[in-house]
Amino acid sequence: DVIGRTTALAVRRANGDVVTNPAPDLRLAQGDLLVLLGEKDALRPVEEET
2 DVIGRTTALA VRRANGDVVT NPAPDLRLAQ GDLLVLLGEK DALRPVEEET
């Protein structure tokens, strides 16, 4: 669970497309930018899965 007590607002794909209100099962790809809203303590670093 990446999000925890935050809200995913959008994903900007590497190609420039923007997905607003992304589904919980949306897969991120290399170069994507995840935009989250939450209090600083609720945000934690995202680790790359291998």
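Quick note on the numbering used here: the sequence shown kicks off at 2 and runs consecutively.
All C-beta atoms, glycine included, are put in the ideal place defined by N, C-alpha and C.
Report yes if the CB atom of residue 44 is closer than 7 angstroms to the CB atom of residue 12, and no otherwise. As a first step, residue 44 must be located in the sequence shown, where it is residue number 43. As a first step, residue 12 must be located in the sequence shown, where it is residue number 11. Result no, Cβ atoms of residue 44 and residue 12 do not sit closer than 7 angstroms.
So, using beta-carbon positions, are residue 26 and residue 15 closer together than 7 angstroms? The residue labelled residue 26 in the question sits at position 25 within the sequence shown. The residue labelled residue 15 in the question sits at position 14 within the sequence shown. No, the Cβ-Cβ distance between residue 26 and residue 15 is not below 7 angstroms.
Rounded to the nearest angstrom, how far is the Cβ of residue 29 from that of residue 8, given a contact under 8 angstroms? Within the sequence shown, residue 29 is the residue found at index 28, counting from 1. Within the sequence shown, residue 8 is the residue found at index 7, counting from 1. A Cβ-Cβ separation of about 16 angstroms leaves residue 29 out of contact with residue 8 under the 8 angstroms criterion.
To the nearest angstrom, how far is the alpha carbon of residue 18 from that of residue 40? For this step, residue 18 is matched to residue 17 along the sequence shown. For this step, residue 40 is matched to residue 39 along the sequence shown. Distance between the alpha carbons of residue 18 and residue 40 is about 26 angstroms.
C-alpha gap between residue 31 and residue 20, whole angstroms: Your numbering for residue 31 matches position 30 in the sequence shown. Your numbering for residue 20 matches position 19 in the sequence shown. Residue 31 and residue 20: Cα-Cα distance of roughly 15 angstroms.
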